[in-house]
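Chemist:
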Amino acid sequence: MVRLAGRIILLWGWGRALVAFLAGALAVLGQAPYDFFAACFISFPVLVWLLDGVTGDASGSLVRRLRPAFAVGWWFGFGYFLAGLWWIGSALLVEADNFAWALPFAVVGIPFALAFFYGFAAMVARLLWSSDIGRIAALAFGFGLAEWLRDFLFTGFPWNAIGYAAMPVPLLMQSVSVTGMIGMNALAVFVFALPALLAARRHLRLGAGLFVALAAAHVGYGYVRLAAPEKPAVHSLDVRIVQPAVDLSEKWDASVRDRIFATLMGLSAKAPDPGHGKPQLILWPETSVPFLFTERPDALTALGDMLAPGQMLMAGVVREEGGSAASADSRYYNSVVAIDDKGEITDAVDKVHLVPFGEYLPFSDLLDHFGIEQLVAGPMSFAAGNERHAIALPDGIRALPFICYEVIFPDLVAVDATSAQLIVNVTNDAWFGDTPGPYQHFRQAQIRAVENGLPLLRAANNGISAVVDPRGRIVDALAIDARGAIDAHVPISEQAVISPGQRRINGMLIMLLFAIAAALLSVRQRLRVN
1 MVRLAGRIIL LWGWGRALVA FLAGALAVLG QAPYDFFAAC FISFPVLVWL LDGVTGDASG
61 SLVRRLRPAF AVGWWFGFGY FLAGLWWIGS ALLVEADNFA WALPFAVVGI PFALAFFYGF
121 AAMVARLLWS SDIGRIAALA FGFGLAEWLR DFLFTGFPWN AIGYAAMPVP LLMQSVSVTG
181 MIGMNALAVF VFALPALLAA RRHLRLGAGL FVALAAAHVG YGYVRLAAPE KPAVHSLDVR
241 IVQPAVDLSE KWDASVRDRI FATLMGLSAK APDPGHGKPQ LILWPETSVP FLFTERPDAL
301 TALGDMLAPG QMLMAGVVRE EGGSAASADS RYYNSVVAID DKGEITDAVD KVHLVPFGEY
361 LPFSDLLDHF GIEQLVAGPM SFAAGNERHA IALPDGIRAL PFICYEVIFP DLVAVDATSA
421 QLIVNVTNDA WFGDTPGPYQ HFRQAQIRAV ENGLPLLRAA NNGISAVVDP RGRIVDALAI
481 DARGAIDAHV PISEQAVISP GQRRINGMLI MLLFAIAAAL LSVRQRLRVN
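Counting from 1, position 138 in the sequence shown corresponds to residue 138 in my numbering; the numbering is continuous, with no gaps.
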């Protein structure tokens, strides 16, 4: 181990960059669908040793001194995000004639930009660096800070945060209900990087003790929470989740719209599975209705005829405001609507957090001059909704809908979920086929259920549709590309272990403790040297 660490420390130039890139790419194996978190126990010690070996211009500015550390972190991040997000390019191949030219910009450009966060993490860590366990704490603080910033800077994109690698199964998910993703990201990096101490042997006993204590707390808390009896249900709901598995090449084809709608209707109207009652709520995926209701009022009539008394449909639709479909004044929203048994729309929630370049075009006036248009979401650009609110369901239950990738934002879900007893996520991951993307998306939705102590209903066009209980356990699910429906009885009893505000404070305190420990050990080392 000492010899290996020494070789890595002495790397320079493109050799150092290549090893950092490969270490970052290896860490992706800790994410869904691989869930091989042991890979992170290799990647992060290698990153520590690479940062041990960086030397900046001691006589130059602070930026010049930290630039080599930034470069190591950037290459690590570039490898991580390239290996973890390559599947984004699949969306551009759905209409390859129009968008294949943008493939390298999406597949390489997004990882290129996101890597700056990990470059920043390495730079912050290097500011507090020392030769002992302090540098492990510094790295945990740097990455914890970077992952927190990734949640909201430049519209935010906290996909595949490091902390998810420490939560591959429900047993290991429960800690996030106390630490939040802020704390989980920092703790995960700290634990993953601790094997770096094996090389120098300094603070090895302390590191081993912390490793055992943190791992035992993580597993132990998960075991206790999963073994604890569930609270008596205050409410319950019989639900049906429909997964139509519509081919995206046909999604907006006028000649097959009736067939798509008929598929949705047929799956919704079939008899309940054995042992299940008639569903009170039927859930359709994002933009599942292949036309505007303003153009096809007969569809609402058909839905009213299909729904039994007391049933409600929540469906992902494109909602129009401001005129007819041909009107230049029309605005379109990616929405979830509630439809009652009379075929009337009783409520609607519009997507608030839109996907840049997918659902709207940033700086559209400027980019239009270069012939650049939005890339994937549909035949129109969407406007963002103003606010999200819970939709009233049968039995007095309030369900809070999140559309597509809105569910990956911990703070966004936590703030709004305090007003609801049920989380609903509708999405259309068919853009990405049977790649790691849909599995990663589902894992992040699963964690939101655990954080907030609420059941999750998830309807995806081609998967993964699922019912998840408040502790992250999958009650039932449909696989990628399967066509069918899930019937489930959903008891509603639990709430978050602690409030979202306290969870955020806990996470920040964990980061602060790492920062203080790193700073004290760094100062002590410098005083000892002087």
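By construction, the Cβ of each residue, glycine as well, lies at the ideal position given by its N, Cα and C atoms.
Starting from the C-beta of Arg504, find all residues in its chain whose C-beta is less than 7 Å away, skip the five residues before and the five after it, and write them out in chain order.
Modeler: Gly180, Ile182, listed in sequence order.
Chemist: By DSSP, does Tyr333 sit in helix, in strand, or in coil?
Modeler: Reduced to three states, the DSSP call for Tyr333 is strand.
Chemist: Can you tell me where the beta strand (DSSP E) holding Thr427 begins and where it ends?
Modeler: From DSSP, the beta strand (DSSP E) with Thr427 extends over 422 to 427.
Chemist: Helix, strand or coil for Arg448, going by three-state DSSP, please let me know.
Modeler: DSSP places Arg448 in helix when its eight states are reduced to three.
Chemist: Can you give, in chain order, each stretch of the beta strand (DSSP E) that sits fully within the stretch 472 to 506 and has at least 3 residues?
Modeler: Fully enclosed beta strand (DSSP E) runs of 3 or longer: 474 to 478, 484 to 492.
Chemist: Report yes or no: do the stretch 465 to 480 and the stretch 109 to 124 share at least 3 C-beta pairs separated by less than 8 Å?
Modeler: Judged by Cβ distances under 8 Å, the stretch 465 to 480 makes no contact with the stretch 109 to 124, as fewer than three pairs qualify.
Chemist: Can you grab the Cα-Cα spacing for the pair Ile510 / Glu321, in whole Å?
Modeler: So the two alpha carbons sit approximately 46 Å from each other.
Chemist: Nearest by alpha-carbon distance to Phe41: which of Pro410, Ile136, Phe70, Gly53 is it?
Modeler: Phe41 has its Cα closest to that of Ile136, out of Pro410, Ile136, Phe70, Gly53.
Chemist: For Arg65 and Val54, I'd like the C-alpha separation in whole angstroms.
Modeler: Near 9 Å, if we compare the C-alpha coordinates of Val54 and Arg65.
Chemist: Let me confirm a value: Ile88 is counted as buried when at least 16 other C-beta atoms fall within 10 Å, else exposed. Which label applies?
Modeler: Flag for Ile88 reads buried.
Chemist: So, Trp101 versus Ala17, is the Cβ gap smaller than 8 Å?
Modeler: Not in contact: Trp101 and Ala17 (Cβ atoms no closer than 8 Å).
Chemist: Restricting to Cα atoms, I'd like to know which of Phe154, Gly156, Leu153, Ala140 is closest to Gly163.
Modeler: When only C-alpha atoms are compared, the closest one is Ala140.
Chemist: Which of helix, strand or coil does DSSP assign to His235?
Modeler: Here His235 sits in strand by DSSP.
Chemist: Measuring CA to CA, which of Leu292, Asp305, Pro279 is closest to Pro531?
Modeler: Past the edges of the chain, shown from 1 to 530, lies residue 531, and the structure says nothing about it.
Chemist: Decide if the stretch 440 to 451 is in contact with the stretch 194 to 207; the criterion is three or more beta carbon pairs, one per stretch, under 8 Å apart.
Modeler: Because the criterion of three Cβ pairs below 8 Å is not met, the stretch 440 to 451 and the stretch 194 to 207 do not touch.
Chemist: For Phe514 and Ala138, I'd like the C-alpha separation in whole angstroms.
Modeler: When rounded, the distance between both Cα atoms is 6 Å.
Chemist: Does the Cβ of Lys251 have 16 or more other Cβ atoms within 10 Å, making it buried, or fewer, making it exposed?
Modeler: Flag for Lys251 reads buried.
Chemist: Determine the extent of the beta strand (DSSP E) in which Ala617 is found, giving its start and end residues.
Modeler: Given a span of 1 to 530 for the chain in the structure shown, any question on residue 617 remains unanswerable.
Chemist: For Ala115, list the residues DSSP reports as bridge partners.
Modeler: Beta-bridge pairing links Ala115 to no other residue.
Chemist: If distances are taken between C-alpha atoms only, which option among Thr263, Glu286, Leu47, Pro168 comes closest to Gln444?
Modeler: It is Pro168 whose Cα lies nearest to the Cα of Gln444.
Chemist: In chain order, what residues of the same chain lie with their CB nearer than 7 Å to the CB of Ala69, ignoring the 5 residues before and after it?
Modeler: Taken in chain order, the residues that qualify are Leu51, Val54, Ala122, Met123, Arg126.
Chemist: Where does Leu400 fall in DSSP's three states?
Modeler: Looking at Leu400 - three-state DSSP - the assignment turns out to be strand.
Chemist: For Thr435, which residues of its own chain have a beta-carbon under 7 Å away from its beta-carbon, when the five flanking residues on both sides are left out?
Modeler: Within the same chain, Thr435 has close Cβ partners Trp87, Ser90.
Chemist: Verify whether the separation of the beta carbon atoms of Gly477 and Leu454 is less than 8 Å.
Modeler: It is Ala, not Gly, that sits at residue 477 in the sequence shown. No, the Cβ-Cβ distance between Ala477 and Leu454 is not below 8 Å.
Chemist: Just tell me which of Ser130, Ala193, Ile110, Gln174 has its CA closest to the CA of Phe154.
Modeler: The shortest C-alpha separation from Phe154 is found at Ile110.
Chemist: Hey, could you find the ends of the alpha helix (DSSP H) Leu187 is sitting in?
Modeler: Unbroken alpha helix (DSSP H) run through Leu187: 176 to 193.
Chemist: With DSSP run on the structure shown, which of helix, strand or coil describes Val468?
Modeler: Looking at Val468 - three-state DSSP - the assignment turns out to be strand.
Chemist: Of the residues Tyr439, Phe190, Val355, Ala460, which one's Cα is nearest the Cα of Phe211?
Modeler: For Phe211, the nearest C-alpha among the options comes from Phe190.
Chemist: Assuming Arg285 and Gly316 are in contact, meaning their beta carbons sit under 8 Å apart, how far apart are those beta carbons, in whole angstroms?
Modeler: Per the sequence shown, residue 285 should be read as Pro rather than Arg. Contact holds; Cβ gap of about 5 Å.
Chemist: Does Asp35 come out as helix, strand or coil in the three-state DSSP assignment?
Modeler: Coil.
Chemist: Hey, quick one: how far does the beta strand (DSSP E) through Ala460 stretch, first residue to last?
Modeler: 456 to 460 is the extent of the beta strand (DSSP E) around Ala460.
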